[in-house]
Amino acid sequence: MAKGCRKTQCSAKLQCEYTKSVRDQFNLLTKKYKVKMGKQESNRWGGGKKATEAENLQEELIAIEEDTNEKADEESRARQIVEDQDKGNRDVKAMKSMGETRERLGKKSEEKRRSGNQSMVFLEKAIETKQMMQKEEKRGRAGDTNCIFEAVGSQSATACCSV
0 MAKGCRKTQC SAKLQCEYTK SVRDQFNLLT KKYKVKMGKQ ESNRWGGGKK
50 ATEAENLQEE LIAIEEDTNE KADEESRARQ IVEDQDKGNR DVKAMKSMGE
100 TRERLGKKSE EKRRSGNQSM VFLEKAIETK QMMQKEEKRG RAGDTNCIFE
150 AVGSQSATAC CSV
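So that you can map any letter, position 31 of the sequence shown is 30 in numbering that gives the first Met the number 0, and since no number is skipped, the others follow by simple counting.
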């Protein structure tokens, strides 16, 4: 079985290389034919040779190739338009659901960023409150130490320190 698989893989590879070589040969012949026909058109003034059967067949193949390329381009453009519309619809739907989520959470408007001046005012207030708290703590500690000294002298520490 494994050998058969290898043979089919080899034949597929050879077939792929064969079709590529045929495609390359066709493209080369087409270019040469177009150059030849361009020269003949410029050299023709009145009479001319009739096209051979090979040239007629080559002309037909070129016309078929151009038609298929045009159809493929039209299909890809149509597909791209549909994809763009779908993408736009998805974006609108995502924005709508995001708005609904914000409303549900009660965050209709986002907080605005503070300017530099507002930030400074906020920081100054924060420093002031911190300093006030530190002063209160120092007063409390100082009151505790006074209470301890009084307690030692009067032997009633519980009565003095209880608040």
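We put the beta carbon where it would ideally sit given N, CA and C, even for glycine.
DSSP places THR51 in the coil class of the three-state scheme, outside both helix and strand. With fewer than 16 neighbouring CB atoms inside 10 Å of its own CB, GLN24 falls in the exposed class.
The Cβ neighbour count for GLN57, taken over all protein chains shown within 10 Å, is at least 16; the residue is labelled buried. Ranked by how close their Cα comes to the Cα of ARG22, the residues ALA50, PHE121, GLU64 have GLU64 in first place. In this structure, ILE61 and THR29 form a Cβ contact; the two beta carbons are roughly 6 Å apart against a cut-off of 8 Å. Look at GLY105 here: in three-state DSSP terms it is coil, with no helix or strand label. The alpha-carbon separation between GLN84 and GLY98 amounts to approximately 21 Å.
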